[in-house]
Amino acid sequence: MTRAGPPAAPVNLADYAALARDRLDDQARAYFDGGAADGLTLAANAQAWRELPLSARVLRPMAGAHTRIDLFGRTLAHPILLAPVAYQRLAHPDGELATAQAAAALQAGMVLSTQSSVPVEDVARIVCTDPDAGPLWFQLYLQHDRGFTLELVRRAEAAGCTALVLTVDAPVHGARDRERRAGFQLPPGVRAVHLEGLPPRPARSLGAGQSALFDGLLADTPTWDDVAWLRAQTRLPLLLKGVTHPEDARLAQSVGVDGLIVSNHGGRTLDTLPATATLLPRIADAVGSDLPLLVDGGIRRGTDVLKALALGARAVLIGRPVVHALAVGGARGVAHVLRLLRDELEIAMALTGCAHLDKAGAHLIELDAEQAGRSRAGYSGHLFDARSRSPAPDEGPACR
């Protein structure tokens, strides 16, 4: 039997991923599509959403149904945001500018990476001048120099960003085998423009038996005190991205953050972490309904979006699909991916009888008694366990 080649015209996000394999060079594919170590978490993310069964309802009134959500004082046209993804000029010459054009056109929120290859001011000129655009948020890593971190915060505020997203789950890179095999290096002309001018990390002399990682790079790793400091520096909503443990979620509440993004970094940091579909209900149970939750990782269908909201998220973020669409079709490709997901979400809402997303809840998920028990306990066995399958090759971030 002959294996089918890439689709001539993409009709779903998997089609874009297949087409992108021929558009991205080996190094870019290794960087964007690779995961940590054996890629178990990377594979589990998408598989977990696929294996969650929805419950259909019939003969439900759907006149006036819509995909709008309220988030941080704004009404958004739909709950699909673009996750922070670094170095998008690896995928397309226009990089984050093309992504911003698509986000604005499709009214999607966009989270711009600290490691963007385009300055926040240029992206804001696209998003913030469109009255119908979704919000522009800025993603931060806490740098070793607090003064430099504060400069980034002020740049984001001045540009018109309306929230800050602090990534907390990557004090060190995961063991990214694909990048090492490819010998990944940034090509000339692609750089993290927001990090220019960052003072060098102070040199440390290591004694006998000391670790270059623990006693060197991580000697001043951020702590909850740094999160509290950042919270005091800005009036913008502050979200933490990468919280996966219920106790950390409660600590985040105690220091006054405004929201959490449940994320395992797309399977790029600690391999064998559970899928985000597993993690989300645990975090929701820990923090209750007062703290907004978003989720990313493996969202590839409109049904995945609805499942995420049913499990407690207010919105979702997509990362790799944006890069694939960018590589295939630039701004038009990214816009098409957003349109596909929103159309699929509307179809899923219609077929489950869910007219408004604030009514999405656990009743939309069809679990048998055993699965429901595992879910309440915070585990989901085969459905979400990263150990339940081997990774598929190449399976796989406004201003008013």
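Its first residue numbered 42, the sequence shown is counted upward by one per residue in our numbering.
We put the CB at the ideal spot given by N, CA and C, even for glycine.
This structure is a prediction, so every number in the text was calculated from the model and none was measured.
List the endpoints of the continuous alpha helix (DSSP H) containing residue i.
i	result
residue 443	For residue 443 there is no data in the structure shown, the boundaries of the chain being 42 and 441.
residue 522	With the chain covering 42 to 441 only, the question about residue 522 has no answer from this structure.
residue 340	That residue, residue 340, is in no alpha helix (DSSP H); it is neither H nor E in DSSP.
residue 291	287 to 295
residue 321	317 to 328
residue 60	54 to 61
residue 65	Premise fails: residue 65 is in no alpha helix (DSSP H) and is neither H nor E.
residue 223	218 to 223
Among the candidates the options, whose CA atom is the shortest distance from the CA of residue i?
i	options	result
residue 199	223, 221, 160, 174	160
residue 145	395, 381, 122	122
residue 95	359, 368, 88, 347	347
residue 271	314, 354, 206, 49	206
residue 380	363, 395, 324	363
residue 84	285, 333, 341	341
residue 81	321, 305, 313, 216	313
residue 124	157, 133, 101, 105	157
residue 230	128, 111, 118, 115	128
residue 109	148, 72, 139	148
residue 71	309, 290, 317, 334	309
residue 209	236, 235, 170, 290	290
residue 286	269, 279, 268, 305	305
residue 202	225, 152, 137, 116	152
residue 359	120, 195, 181	120
residue 403	318, 150, 374, 177	318
residue 180	408, 349, 390, 235	235
residue 384	73, 345, 406	345
residue 213	196, 185, 343, 195	185
residue 316	252, 343, 283, 47	283
residue 372	138, 400, 162, 278	138
residue 280	288, 334, 265, 274	334
residue 115	136, 233, 174	174
residue 162	392, 131, 194	194
residue 227	66, 339, 192	66
residue 176	111, 135, 130	111
I'd like the span of the beta strand (DSSP E) that includes residue i, first residue to last.
i	result
residue 400	No beta strand (DSSP E) holds residue 400; DSSP gives it neither H nor E.
residue 191	Counting along the chain, residue 191 falls outside any beta strand (DSSP E), though it belongs to the alpha helix (DSSP H) covering 187 to 200.
residue 455	The structure shown does not extend to residue 455, since the chain spans only 42 to 441, so no value can be given for it.
residue 262	That residue, residue 262, is in no beta strand (DSSP E); it is neither H nor E in DSSP.
residue 111	110 to 112
residue 447	Nothing can be reported for residue 447: it is not among the residues displayed for the chain, which extend from 42 to 441.
Any idea which residues DSSP pairs residue i with across the strands?
i	result
residue 334	301
residue 208	282
residue 273	Bridge partners of residue 273: none, in fact.
residue 115	112
residue 95	406
residue 358	122, 337
Is any heavy atom in the ligand MG found nearer than 6 angstroms to the beta carbon of residue i?
i	result
residue 195	Absence of the ligand MG is noted for the structure shown, with no ligands found whatsoever.
### Message
Whether or not the stretch 322 to 335 and the stretch 288 to 302 are in contact is what I'm after, with contact meaning three or more pairs of Cβ atoms, one per stretch, closer than 8 angstroms; do they touch?
### Response
At 8 angstroms Cβ cutoff, the stretches touch.
### Message
For a minimum of 4 consecutive residues, which ranges assigned as the alpha helix (DSSP H) are wholly contained in the stretch 132 to 162?
### Response
Entirely contained in the stretch 132 to 162, the alpha helix (DSSP H) runs reaching 4 residues are, in chain order, 136 to 146.
### Query
Are the stretch 298 to 312 and the stretch 232 to 252 in contact at 8 angstroms, needing three or more beta carbon pairs?
In this structure the stretch 298 to 312 does not lie against the stretch 232 to 252, because fewer than three pairs of beta carbons, one per stretch, are closer than 8 angstroms.
### Task
Could you tell me whether the stretch 83 to 94 touches the stretch 229 to 243, using the rule of 3 or more Cβ pairs below 8 angstroms?
Touching, no.
### Message
Any contact between the stretch 52 to 61 and the stretch 359 to 378? By contact I mean 3 or more CB pairs, one from each, below 8 angstroms.
### Response
Result yes; three or more Cβ-Cβ pairs closer than 8 angstroms.
### Query
Any chance the stretch 317 to 325 sits against the stretch 347 to 358, with 3 or more Cβ pairs inside 8 angstroms?
Output reads yes: the stretch 347 to 358 touches the stretch 317 to 325.
### Task
Mind the definition here: the stretch 388 to 400 touches the stretch 102 to 109 only if three or more C-beta pairs lie below 8 angstroms; say whether that holds.
As far as the Cβ criterion goes, the stretch 388 to 400 touches the stretch 102 to 109, which means the pair count is three or higher.
### Task
Would you check if there are 3 or more beta carbon pairs closer than 8 angstroms linking the stretch 133 to 145 to the stretch 364 to 371?
A contact exists between the stretch 133 to 145 and the stretch 364 to 371.
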